[in-house]
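A.B. asks: Got a structure for you, written out below as structure tokens; questions coming shortly.
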Amino acid sequence: MNFNVLHDVLFNEIVPFLFRTNTNPTTLIFMTLNKRANKKKGE
């Protein structure tokens, strides 16, 4: 994975989601990565 992509994911998806939900950050990161991996597999 490109580091810039990871950086964008972190700031565009994970951080705002954390502020909205107060979810455990580790769980959230795994959920986001799994969601992206599943999306790639589906293409």
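Count along the sequence shown starting at 1, add 1424, and that's the number in the working numbering.
Ideal placement from N, C-alpha and C gives every residue a C-beta, glycine not left out.
Treat the numbers as computed from the prediction; the structure is a model and nothing was measured.
1) Taking the continuous alpha helix (DSSP H) assigned at F1427, which residues delimit it?
2) In whole angstroms, what is the alpha-carbon distance linking I1436 and T1456?
3) Less than 7 Å between C-beta atoms, sequence neighbours within five positions excluded: which residues of the same chain meet that for I1453?
C.D. replies: With the given structure in hand:
1) Looking at the DSSP string, the run of the alpha helix (DSSP H) that includes F1427 is F1427 to V1433.
2) Residue 1436 is actually Asn in this sequence, not Ile. Whole-angstrom Cα-Cα distance: 11 Å.
3) Around I1453: I1438.
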